[in-house]
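Reading through the structure tokens given below for one structure.
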Amino acid sequence: MSRQEIRKIIGVILVLLLFAASLTPPVNRFLCLPDSARLVVGEQMKVSLPLPDAIKNGLKLSVGDPLQSSQPAVVIESEEEGYQLKAMKPGRVDITLKLWGLIPLKSIRVESLPPYRLLPGGHSIGIMLQSQGIMVVGFAPITGSKGQKYYPARDAGIEIGDRIMEVNGQPVKTELELAEIIDRQGRKGLAASFLVNREERLINIDVKTTYCQETQRYRVGLYVRDGVAGVGTLTAWDPETYRFAALGHVIVDTDTRQVIKMREGRIVSASIRAIQPGRPGKPGEKIGVFDREGGISGKITSNSQYGVFGVTDGKLENNLYSSPLPVAYAHQVKKGKAHILTVINDCRIECFDIMIEKVYPYRRNGKGMALRVTDERLLTAAGGIVQGMSGSPIIQDGRIVGAITHVFLNNPEKGYGILMDTLLEEMNNQQVFPRQIAR
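The sequence shown begins at 18 in the numbering used here and counts up one residue at a time.
The structure is reproduced here in structure tokens:
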């Protein structure tokens with residue numbers, strides 16, 4: 018028999034052994050693992066391979082480049098029935114299962130994540146945003162001397178959703194400034210030259226000023242808004258940097274449904290005076306008042322799709338937690354019992370039971386968890402989840418796992434929550450938590 022024939026026979030045997038090994042349940046389970054996994058530093062992951070020694074001795078699990086001299090982010094420890102992966106430091110590595118150290122069967126990219134500890138929120142806060150420019154939210158008729166209705170701004174081409182940046186070359190920040198400039202132009206018999214931002218395009222529009230008999234002022238026939246204000250809930254606070262996350266979703270204008278392009282923003286304490294309970298088809302809401310003399314004040318630096326972020330002016334305290342809690346990543350969140358922190362009366366944070374019914378670890382739309390309120394006190398007081406509860410932190414197994422973001426319109430007992438994992442990434446993007454990835 019020639020060497021070439023021997024090689025062919027050996028090749029066939031190798032293929033058959035490889036195929037047979039892949040059919041065994043333990044190896045098949047490993048081959049079906051996802052292509053990526055996440056561990057927090059100090060966390061372990063078991064890879065079971067309960068195989069006969071003849072097969073197991075031919076399999077080897079290795080980390081990245083075997084010639085790498087520095088300690089990898091993840092180490093492998095051999096056990097009787099497989100391997101144990103342990104995250105040692107922040108970083109990313111490739112874990113590969115090979116047959117006889119030569120033939121790769123499966124590769125998993127494992128990310129080792131830095132641990133974080135934050136003080137859980139639950140505080141009721143007033144949120145105030147001033148927009149970049151003044152938002153056009155509607156058209157207001159101007160009544161003439163004979164009862165005629167005029168819409169000069171609409172007729173000139175201004176549209177709902179436009180943001181007025183300047184009038185006659187002068188930047189405008191408030192509704193009052195805009196009204197005064199228009200009235201002055203009208204008394205001079207001049208039109209007003211608007212610079213508007215429309216879908217990030219700057220457009221110049223000249224609008225005729227028209228005298229209004231009802232207000233005895235010159236107007237252009239617009240309903241405008243220079244900002245928004247409302248009540249929400251603070252999610253978490255970093256005692257080292259004073260940074261906070263709140264709300265869990267972006268703030269939009271109630272009329273145009275457009276995202277508020279923020280010029281500046283503030284948070285202050287808010288006191289809950291009453292709750293309008295929710296019912297199917299009609300969401301409830303917290304009714305609160307801003308308390309500028311309360312214990313919370315801070316600057317908002319970002320209004321993103323995942324909530325509002327910023328920095329507080331001073332320290333925060335939580336009447337239920339005196340020290341920070343670990344933050345959970347998506348892979349650590351599970352179905353089962355949990356609780357939320359929120360305020361339903363005055364300023365006192367309370368704890369209420371919920372059930373996490375589903376976890377969607379790869380969703381990045383603020384709906385990473387489906388949850389249901391099970392606490393009878395909260396169901397009696399509010400009917401479940403209500404407006405103003407957005408941002409209420411979710412605690413499970415002693416970790417902050419996320420925050421409430423949405424309520425089901427047809428069932429206020431149920432809603433969605435955003436994963437804290439997503440909030441952490443957004444905080445990193447805001448340079449709140451410097452990323453610690455070893456490469």
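Just so it is clear, CB atoms sit at the ideal spot from N, CA and C, and this is done for glycine as well.
Under the three-state DSSP convention, the category residue i falls into
| i | result |
| --- | --- |
| T391 | coil |
| R274 | coil |
| G203 | helix |
| P169 | helix |
| L119 | coil |
| N446 | helix |
| I175 | coil |
| M105 | coil |
| L145 | As written in the sequence, residue 145 is Met, which differs from the Leu given in the question. In the structure shown, M145 sits in a strand (DSSP, three-state: E or B). |
| A420 | strand |
| M152 | strand |
| L337 | coil |
| M62 | strand |
| A398 | helix |
| K163 | coil |
| L426 | coil |
| T252 | strand |
| D438 | helix |
Contacting residues, own chain, Cβ-Cβ under 6 Å from residue i (five flanking each side not counted)
| i | result |
| --- | --- |
| L436 | A347, G385, G419 |
| V92 | K103, M105 |
| G164 | none |
| G405 | V248, E302, K303 |
| E94 | Q101 |
Beta-carbon proximity of residue i to residue j, cut-off 7 Å
| i | j | result |
| --- | --- | --- |
| V153 | D179 | yes |
| T439 | H266 | no |
| A209 | Q202 | yes |
| S79 | V360 | no |
| V64 | G108 | no |
| Q413 | K278 | no |
| V248 | G311 | no |
| R236 | I292 | no |
| G59 | F156 | no |
| G244 | Q147 | yes |
| G400 | P429 | yes |
| I289 | N362 | yes |
| L337 | I313 | no |
| V403 | E302 | yes |
| Y167 | T232 | no |
| V328 | R260 | yes |
| S407 | L264 | yes |
| A170 | V224 | yes |
| V110 | P89 | yes |
| D200 | R234 | yes |
| V424 | P300 | yes |
Chain-order list of residues whose beta-carbon lies under 7 Å from that of residue i (same chain, five-residue window excluded)
| i | result |
| --- | --- |
| G174 | I222 |
| I357 | F369, I371, S409, P410, I411, I421 |
| M62 | A54, L56, L102 |
| K352 | I373, E374, K375, V376 |
is_contact[residue i, chain B] using C-beta, thresh 7 Å
| i | result |
| --- | --- |
| N382 | Looking at the structure shown, chain B is missing, and only one protein chain is on hand. |
Contacting residues, own chain, Cβ-Cβ under 8 Å from residue i (five flanking each side not counted)
| i | result |
| --- | --- |
| L388 | A355, I371, M372, I373, E374, I411, I421, K431, G432, Y433, G434 |
| I268 | I144, L146, V245, G247, V276, I277, N320, V325 |
| V241 | I151, M152, V153, V154, I181, E192, L195 |
| G298 | L426, N427 |
| R204 | Y235 |
| R309 | V285, S286 |
Task: the region 329-341 contacting the region 128-138, beta-carbon criterion three pairs below 8 Å - done: yes
Task: Segments of 3+ residues assigned as beta strand (DSSP E) that fall wholly inside the region 344-390 - done: 353-360, 366-376, 386-390
Open item on the list: Across the region 179-190 and the region 201-216, are there enough close Cβ pairs to call them in contact, namely three or more that are closer than 8 Å?
Closed with: yes
Task: Uninterrupted beta strand (DSSP E) stretches inside the region 254-329 (no shorter than 3 residues) - done: 260-263, 279-293, 302-308, 314-321, 324-329
Open item on the list: Does the region 311-327 come into contact with the region 282-299, if we say contact requires no fewer than three beta-carbon pairs (one atom in each stretch) closer than 8 Å?
Closed with: yes
TODO: Please list the segments of the beta strand (DSSP E) lying wholly inside the region 197-249, counting only runs of 3 or more residues, in order along the chain.
DONE: 209-215, 218-224, 227-229, 234-236
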